[in-house]
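Protein chains: 2
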Amino acid sequence: MADPTITDPDKYRVILENERVRVLEYRDAPGQRTSPHEHPDSVMITLSDFRRRLIGADGQTRDVDIPAVEVRWLDAQTHSGENIGETQTHVVFVELKQSAAADHGESPGPS
Amino acid sequence: MADPTITDPDKYRVILENERVRVLEYRDAPGQRTSPHEHPDSVMITLSDFRRRLIGADGQTRDVDIPAVEVRWLDAQTHSGENIGETQTHVVFVELKQSAAADHGESPGPS
């Protein structure tokens, strides 16, 4: 598991963690790039406007322009990225863990 | 279930929903208050500084001052709130659902 806090500890930091989620803050400057890393299913909340080149696990690239205060779903994926804009990137990722019930293979009871 | 999008539709809106999460945006103005409503386990991300009076299900009140870009865990709870400050409140809630595996009482497989 290429955890982004291991591959890019200067850009990713854990700001909250419990049994259900881990929340990461990401910051970079123009020209900086990340090493390939994995994200589990996550919700991404942008806190700055930014322009990035995303490089998928298959090597395909895609350029994105995303405004501040945008909320997007991120399916689990491996990728790397490069800040190709002129602004800092500032993003929060809410990473989802399996629920405690699912981890233990238990029924959560009546629903 | 006192869903905040039902009790306070002028302040809460759904900005993303799938099997694992529902994401709400909340906005209000000084002096406004919400009706009692329920939150499931959630991650709260503040997008403005604000000052609020929170009223719990037991009637206890608690005043909070929270700065912008604060990320906090919210255990499932019923409450209402009142903007007692001089600024708008702007918050995103990432509400967690049971995982699909937990909903069906199935094991998610080896972990």
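Line by line, the protein sequences give chains H and C. Quick note on numbering: the first sequence equals residues 1 to 111 in our numbering. Quick note on numbering: the second sequence equals residues 1001 to 1111 in our numbering. Quick reminder that beta carbons are idealized off the backbone N, C-alpha and C, glycines included.
* Within the same chain, show all residues whose beta-carbon is closer than 6 Å to that of Q32(H), passing over the 5 residues directly before and after it, in chain order. => Reading the first sequence from its first residue, position 32 is the one you call residue 32(H). These residues qualify, in order along the chain: N83.
* To do: Taking only beta-carbon positions, decide if V14(H) is within less than 7 Å of chain C.
  => Counting from 1 along the first sequence, the entry for residue 14(H) is found at position 14. The Cβ of V14(H) sits no closer than 7 Å to any Cβ of chain C.
* To do: Measure the alpha-carbon distance for R51(H) versus L1016(C) and round it to whole angstroms.
  => Taking the first sequence and counting its residues from 1, the one referred to as residue 51(H) is at position 51. Taking the second sequence and counting its residues from 1, the one referred to as residue 1016(C) is at position 16. The alpha-carbon atoms of R51(H) and L1016(C) are separated by roughly 22 Å.
* Ignore the nearest five residues each way along the sequence and tell me which others in T61(H)'s own chain have a CB closer than 6 Å to its CB. => On the first sequence, position 61 is the one that residue 61(H) refers to. By the criterion of a C-beta distance shorter than 6 Å, T61(H) is surrounded in its chain by R53 and I55, once the five residues flanking it on both sides are discounted.
* Asked: How many angstroms separate the CA atom of T45(H) from the CA atom of D1058(C)?
  -> Counting from one through the first sequence, the residue named residue 45(H) turns up at place 45. Counting from one through the second sequence, the residue named residue 1058(C) turns up at place 58. Note that residue 45(H) is Ile in the sequence shown here, rather than Thr. Cα to Cα, I45(H) sits roughly 33 Å from D1058(C).
* Should P30(H) be listed as close to the ligand FAD, given that the test is whether its C-beta is under 6 Å from any heavy atom? -> Among the ligands in the structure shown, none appear at all, so the ligand FAD cannot be discussed.
* D65(H): which of T78(H), L74(H) and T87(H) sits nearest, CA to CA? -> By one-based count along the first sequence, residue 65(H) stands at place 65. Of the listed residues, the one whose Cα sits closest to D65(H) is T87(H).
* To do: Could you tell me which of E1095(C), D1003(C) and G1085(C) sits nearest to H1037(C), measuring between CA atoms?
  => In the second sequence, counting from the first residue as 1, residue 1037(C) sits at position 37. Cα-wise, what sits closest to H1037(C) is D1003(C).
* Asked: Going by beta carbon distance, what residues of the same chain come within less than 6 Å of Y12(H), once the five residues before and after it are set aside?
  -> Working through the first sequence from its first residue, we reach residue 12(H) at position 12. So the list reads P4, T5, L24 and Y26, once near-sequence residues are dropped.
* Could you please give the first and the last residue of the uninterrupted alpha helix (DSSP H) stretch that includes T1078(C)? => The sequence position of residue 1078(C) within the second sequence is 78, counting from 1. Per DSSP, T1078(C) belongs to no alpha helix (DSSP H); it is in the beta strand (DSSP E), Q1077 to N1083.
* Coil, strand or helix - T1087(C) by DSSP -> In the second sequence, the residue the question calls residue 1087(C) occupies position 87. When secondary structure is reduced to three states using DSSP, T1087(C) falls in the coil class, being assigned neither helix nor strand.
* Let me know the secondary structure DSSP gives T34(H) once reduced to three states. => Taking the first sequence and counting its residues from 1, the one referred to as residue 34(H) is at position 34. Correct three-state label for T34(H): coil.
* **Contact set between L1047(C) and chain H, taken where Cβ atoms lie within less than 9 Å** => The count along the second sequence starts at 1 and reaches residue 1047(C) at position 47. Going along chain H in sequence order, the residues near L1047(C) (Cβ under 9 Å) are I45, L47 and V69.
* To do: Starting from V94(H), find everything on chain C with Cβ-Cβ shorter than 7 Å and list it in chain order.
  => Translated into the one-based positions of the first sequence, residue 94(H) becomes position 94. Per Cβ cutoff of 7 Å: V1043 and V1094.
* To do: Tell me, please, whether the CB atom of V1023(C) is closer than 7 Å to any CB atom in chain H?
  => Counting from one through the second sequence, the residue named residue 1023(C) turns up at place 23. Answer yes: the Cβ-Cβ gap between V1023(C) and chain H drops below 7 Å somewhere.
* Asked: Where T1034(C) and H1079(C) are concerned, what is the direct C-alpha to C-alpha distance, given to the nearest angstrom?
  -> As a first step, residue 1034(C) is located in the second sequence; it is residue number 34 there, counting from the start. As a first step, residue 1079(C) is located in the second sequence; it is residue number 79 there, counting from the start. Distance from the CA atom of T1034(C) to the CA atom of H1079(C), rounded to whole angstroms, is 9 Å.
* For D1063(C): DSSP bridge partner residues -> The residue labelled residue 1063(C) in the question sits at position 63 within the second sequence. For D1063(C), which the question treats as bridged, DSSP gives the partners R1053(C).
* **Beta-carbon neighbours of N1018(C), restricted to chain H and to distances below 7 Å** => In the second sequence, counting from the first residue as 1, residue 1018(C) sits at position 18. Chain H residues near N1018(C): W73.
* **Separation of F1093(C) from T1007(C), as counted between CA atoms** => In the second sequence, the residue the question calls residue 1007(C) occupies position 7. In the second sequence, the residue the question calls residue 1093(C) occupies position 93. C-alpha separation (whole angstroms): 16 Å.
* **CA nearest to the CA of D75(H), picked from P30(H), H39(H) and D10(H)** => Taking the first residue of the first sequence as 1, we reach residue 75(H) at position 75. Residue H39(H) holds the alpha-carbon nearest to the alpha-carbon of D75(H) among P30(H), H39(H) and D10(H).
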